[in-house]
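Residue numbers (this note's numbering): 1 to 208.
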């Protein structure tokens, strides 16, 4: 049998992909490094050369998902036209409706028992998405639409509010509770950015 030798980067990505599939089917807790080895028919030394533990492998899987999501968001941001408010509106609405390449895994992370992985994913996502929002916020300050002196930090707070407090996988709000948060969030964003009253009212529809 001919032994197939793969480049380091290719092998690493192959391990990450296999682990992601197994985490999806078996669940993280029920998946072992041995399961990944058997799926790819690789030696123990090979997998541990790239990942010292299952925890480290999970981080790589989450990083891969986040990288894909950020790439999708960057593409949306590049399409956005107009002033900063119009561009932010486009980014927020489009991001809420786009189907991700990793949607099946994202849906899996929303299930009970996956809260730890879900929170880690959101934390990574906020850090990498915030600069995209911050760019639009800086533009808004230059256009005298916003008055914040902290564009990046404002972006992080806004994303944290959207992605944590309105996430049904973390907080099982009732429909009434969710509606109240959707109604409150636009005013909080406007206050954070020093934006005109009502300028983020569209978020009520996006979040409800």
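Beta carbons are placed, not taken as given, at the ideal position from N, Cα and C, and that holds for glycine. Bear in mind that the values here come from a model prediction, so they are computed numbers and not experimental data.
inquiry  = Please report the straight-line C-alpha distance between residue 164 and residue 110, rounded to a whole angstrom.
reply    = 12 Å
request  = Please report how far the alpha carbon of residue 55 lies from the alpha carbon of residue 23, in whole angstroms.
outcome  = 12 Å
query = Do residue 114 and the ligand NAP come close, with the Cβ less than 6 Å from some heavy atom?
reply = In the structure on display, the ligand NAP does not appear, and there are no ligands present to speak of.
task = Name the two residues that bound the continuous alpha helix (DSSP H) containing residue 119.
result = 115-142
ask   = Terminal residues of the continuous alpha helix (DSSP H) containing residue 90?
value = 84-97
task = Please classify residue 197: does DSSP put it in a helix, a strand, or coil?
result = coil
ask   = Which residue from 169, 179, 68 puts its Cα closest to that of residue 124?
value = 68
ask   = Between which two residues does the alpha helix (DSSP H) containing residue 45 stretch?
value = 44-50
inquiry  = Does any residue of chain B have a CB that is nearer than 7 Å to the CB of residue 186?
reply    = Annotation note: the requested chain B is absent from the structure, which comprises a single protein chain.
inquiry  = With H, G and I counted as helix, E and B as strand and the rest as coil, what does DSSP make of residue 3?
reply    = With a pLDDT of only 48 at residue 3, under 50, the local geometry of the prediction cannot be trusted, and the value read off the model is given with reservation. Of the three classes helix, strand and coil, the one that applies to residue 3 here is coil, per DSSP.
request  = May I ask you to report which of helix, strand or coil DSSP gives residue 64?
outcome  = helix
task = Can you tell me which of 32, 70, 39 puts its alpha carbon nearest to the alpha carbon of residue 53?
result = 32
task = Report the rounded CA-to-CA distance for residue 37 versus residue 104, giving the unit in angstroms.
result = 23 Å
task = Take the Cβ of residue 174 as the centre, count every other Cβ of all protein chains shown within 10 Å, and call the residue buried at 16 or more, exposed below.
result = exposed
inquiry  = Output needed for residue 121: all residues of its chain with C-beta closer than 7 Å, excluding positions within five of it in sequence on either side, in chain order.
reply    = 62, 65, 66, 109
key: Outcome for residue 168 when other beta-carbon atoms lying within 10 angstroms are tallied against a minimum of 16   = exposed
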